[in-house]
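Below is one structure, written out as structure tokens; the observations come after it.
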Amino acid sequence: MNNDKRSGFPRGFYWGGAIAANQAEGAYLEGGKLPSTADIKSQGFFGGLRRDADFYPTHKAIDFYHRYRQDLKLFQEANFNIFRTSINWARIFPTGEEKEPNENGLQFYEDLFREAKSDGITIMITISHYETPLALVDKYGGWDNRAFIDFYLRFVRTIVTRYKGLVKFWLTFNEIGNAAVVPICWDAACIDPKSDHLLQRMYQAAHHQFVASALATKIIHEIDPDAKAGAMIAYKTVYPYTCKVEDVKAAEDAKRKEYFFSDVQARGYYPSYIRRYFEENNIHVAMERGDEEIIRQHRVDFISFSYYRSRVVSAGYEEPAEKTTDSLEGLVNPYLPKTDWGWTIDPDGLRLALNDLYDRYQMPLFVVENGLGAKDIVEKDGSINDTYRIEYLSAHMKAMKEAIADGVDLRGYTMWGPIDIVSNGTGQMSKRYGIIYVDLDDYGKGTGKRIKKKSFDWYREVIASNGENL
Ligand code: BGP
1 MNNDKRSGFP
11 RGFYWGGAIA
21 ANQAEGAYLE
31 GGKLPSTADI
41 KSQGFFGGLR
51 RDADFYPTHK
61 AIDFYHRYRQ
71 DLKLFQEANF
81 NIFRTSINWA
91 RIFPTGEEKE
101 PNENGLQFYE
111 DLFREAKSDG
121 ITIMITISHY
131 ETPLALVDKY
141 GGWDNRAFID
151 FYLRFVRTIV
161 TRYKGLVKFW
171 LTFNEIGNAA
181 VVPICWDAAC
191 IDPKSDHLLQ
201 RMYQAAHHQF
211 VASALATKII
221 HEIDPDAKAG
231 AMIAYKTVYP
241 YTCKVEDVKA
251 AEDAKRKEYF
261 FSDVQARGYY
271 PSYIRRYFEE
281 NNIHVAMERG
291 DEEIIRQHRV
301 DFISFSYYRS
311 RVVSAGYEEP
321 AEKTTDSLEG
331 LVNPYLPKTD
341 WGWTIDPDGL
351 RLALNDLYDR
361 YQMPLFVVEN
371 GLGAKDIVEK
381 DGSINDTYRI
391 EYLSAHMKAM
401 KEAIADGVDL
411 RGYTMWGPID
421 IVSNGTGQMS
431 KRYGIIYVDL
441 DDYGKGTGKR
451 IKKKSFDWYR
461 EVIASNGENL
């Protein structure tokens, strides 16, 4: 690999940041757009859709829709050479079922991508990032309904054709594995966590997303051979609670359930361990003739993943009946510090993740989300001294550097939320990830002004030195 001798990172490494349309754009009914599921999602992971709430943070978000030019300039100033965002499906097909796409929505993203390009920033797009046109969900339910595949593919064909040459990397589904994780199945596959025989619905939805992802990969390869298609999974490094064999086995099982999603997309088939799991849990995934061939033929070009934390698994651990965001993580790891939201901070876990993924697939890897959700304080002089964020990011970058030295083919890093956006899990603005502060509170009040945090200058220097000065 052509690594930079001084920094240890490959030459041409991609450095930048990632956001999602629904957490940043706002303007939720502008330019012909109709509501998406994200627009009426109650705050917090567990509420599902609510039509009666009087405040939905995504309706205004940080108004990226109107302010993206200024925000891209800030990214350029921070030396970003890549920016990941998503295309809000309901801007392009407001109900999901129109025969023709909404030109206004298409133009919005074209302007955004051209602006980024002129700023020297490569675009990576998540095709589906936790939002779906609401009308589709009202009419067809969730992704366990096969009808979604065709609607999605029409969307994909439209955007890949229109943005040929403007988008370099396409990710087919954000954190696809969360289609089978309670309660994130709502965001990932529009499956109500309160459904009967939930596992059946979730894995059926996942199957349809695999077929859709494979066919999207085909479309991307056919329409724009210079572009690359990637899988995007949520990765949490798994540790056994003790060295009791039962715990180690439970940890291995948990790992495989996560790997299932990248296994299918990278290797092109359903692994035998999942077939056994299906049998033992009375899950019958309906496949049409040809599905397996489609999945086999159109594998992704690279694997991307989000990494925030690791988790601990034990054979005796029982899932709490009433889940909270924190309990999603399972058992507490007494050896690791935690964020204000109870997420473990574990940079070495990222090195392990990179090595495991590379050993398993021998494919280029991309860290497309990582960062620290924290409460920031604006000092009297207007400065924001987020040294804790610098420490977090720096430690994870050092872990990436070690993994590269281990031989991992890591191509890039997009920190999560380089500009503060609405938190997906909590709906809060006060859970901030950015190197750029946005003056808005949890109720959408504030000026929306952008302020560079201390971490801004630090990250700019990291990128300028291609990771030498961490
Ligand atoms: C990932 C999602 C993002 C993002 C991030 C941080 O799972 O892909 O959309 O929000 O988590 O989570 P949160 O916003 O809940 O802090």
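Under full-length UniProt numbering, the first residue of the sequence shown carries the number 1, and numbering increases by one thereafter. Yeah, the Cβ is synthetic: ideal placement off N, Cα and C, and Gly gets one too.
Between N81 and Y140, the CB-CB gap reaches or exceeds 8 Å. Annotation for I295: the continuous alpha helix (DSSP H) segment containing it runs D291 to Q297.
For I125, DSSP records a beta bridge to T85 and W170. The beta-carbon distance between F113 and L166, rounded to whole angstroms, is 4 Å. This is short enough to meet the 8 Å contact definition.
Relative to the ligand BGP, the beta carbon of Q23 is positioned inside 7 Å of a heavy atom. Fewer than three Cβ pairs drawn from the segment 185-193 and the segment 267-282 lie within less than 8 Å of each other, which leaves the two stretches out of contact. Residue state for Y130 is assigned as coil, using DSSP reduced to three classes.
At least 8 Å separates the beta-carbon of A24 from that of R460. In this structure, DSSP gives Y14 an extended state, which the three-state scheme calls strand. In this model, A227 and H221 are separated by some 7 Å (Cα to Cα).
Here the alpha carbons of Y307 and L352 stand approximately 11 Å from one another.
Contact between the segment 135-149 and the segment 381-390 is absent: fewer than 3 CB-CB pairs across the two stretches fall below 8 Å. If you draw a 10 Å sphere on the C-beta of F305, you find 16 or more other C-beta atoms in it, and that means buried. If you check the CB distance, I283 and L199 come in under 8 Å.
Fewer than three beta-carbon pairs drawn from the segment 60-75 and the segment 98-106 are found closer than 8 Å, and the two stretches are therefore not classed as touching. In this chain, A20 is not harboured by any alpha helix (DSSP H), its DSSP state being neither H nor E.
Q209 sits buried, since 16 or more C-beta atoms from the chains shown fall within 10 Å of its C-beta.
The continuous stretches of beta strand (DSSP E) do not include V245, which lies in the alpha helix (DSSP H) extending over residues V245 to R267. Sequence-distant Cβ neighbours of S42 in its own chain, meaning closer than 8 Å and more than five residues away, are G48, L49, R50, A53 and G427. Here S423 is not near L470, since their CB atoms are 8 Å or more apart. Within the model, the alpha-carbon separation for G444 versus I125 is close to 26 Å. Contact between the segment 296-304 and the segment 231-240 is present, with at least three C-beta pairs closer than 8 Å. In this structure, DSSP gives Y273 a helical state, which the three-state scheme calls helix. Of the residues assessed, R276 falls on the exposed side of the cut-off, its CB having fewer than 16 other CB atoms within 10 angstroms.
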